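One structure below.
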Amino acid sequence: MSIQNLSRAIADNNSSSDAFALTLNVQQWETLAGYLQPIDTGVGDVLIEQGTHDRSVYFLESGAISVHRVSSKEQMKLAVLMPGSVVGEGSFFSRQPHSANVVVTGAGRVWRLTAIRFAEMSNRQPNLALEIAMGLGAVIAKRMAHRSKRVAVT
1 MSIQNLSRAI
11 ADNNSSSDAF
21 ALTLNVQQWE
31 TLAGYLQPID
41 TGVGDVLIEQ
51 GTHDRSVYFL
61 ESGAISVHRV
71 SSKEQMKLAV
81 LMPGSVVGEG
91 SFFSRQPHSA
101 NVVVTGAGRV
111 WRLTAIRFAE
121 MSNRQPNLAL
131 EIAMGLGAVI
141 AKRMAHRSKR
151 VAVT
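Residue numbers (UniProt numbering): 1 to 154.
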């Protein structure tokens, strides 16, 4: 599986206020691909379930995903994310349960990075792991700076 489309989606996602900024060369992208799992998604697929402890991060190559929180009284849409976005960053760092559901609303492809694969990357490719961690941290900072997006840190 080629990671070029994900690379392009991230590079093109510069209009989003919470864009995942990652500038890697071709070799670094190919190395990163070895740590990621590509997943073809269909409408209605659940990537993240609120309350679960999975620490995976998902990078959206194509399609669309909806982030929403469910309570006993209602379901509140927090965000709609487009290609080049990332989701799952909050639990990735905090080790806390996910704060929202993430559901595919437009079929496409995501790339999954598990905590175990990130730990392997940290040992074998520390500079690449640092770039990923800094990019994810920047997304959290951007989302926290905007009151309306603060609750969308998943």
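From the three backbone atoms N, C-alpha and C, an ideal C-beta is built for every residue, glycine too. Predicted model only: the values in this text are computed from it and were never measured.
Between the CA atoms of residue j and residue i - distance to the nearest angstrom
i: Leu-32; j: Gln-125; result: 9 angstroms
i: Val-67; j: Asn-123; result: 32 angstroms
i: Arg-112; j: Lys-73; result: 31 angstroms
i: Ile-48; j: Asp-40; result: 15 angstroms
i: Ser-85; j: Thr-52; result: 21 angstroms
Span of the alpha helix (DSSP H), counted from its first residue to its last, around residue i
i: Arg-143; result: 126-145
i: Ser-94; result: 89-94
Bridge-paired residues (DSSP) for residue i
i: Asn-101; result: His-68
i: Gly-84; result: Note: Gly-84 sits in no beta bridge, so no partner.
i: Arg-112; result: Gln-37 and Tyr-58
Contact set for residue i: own chain, Cβ-Cβ below 8 angstroms, skip 5 residues either direction
i: Lys-142; result: Ser-17, Asp-18, Ala-19 and Lys-149
i: Ile-132; result: Leu-22, Leu-32, Leu-113, Phe-118 and Met-121
Nonlocal neighbours in the same chain, by C-beta distance under 6 angstroms from residue i, ignoring five residues either side
i: Tyr-35; result: Arg-117 and Met-121
i: Val-103; result: Val-46 and Ser-66
Alpha helix (DSSP H) runs contained entirely in the region 6-80, provided each spans 4 or more residues:
Runs found: 26-33.
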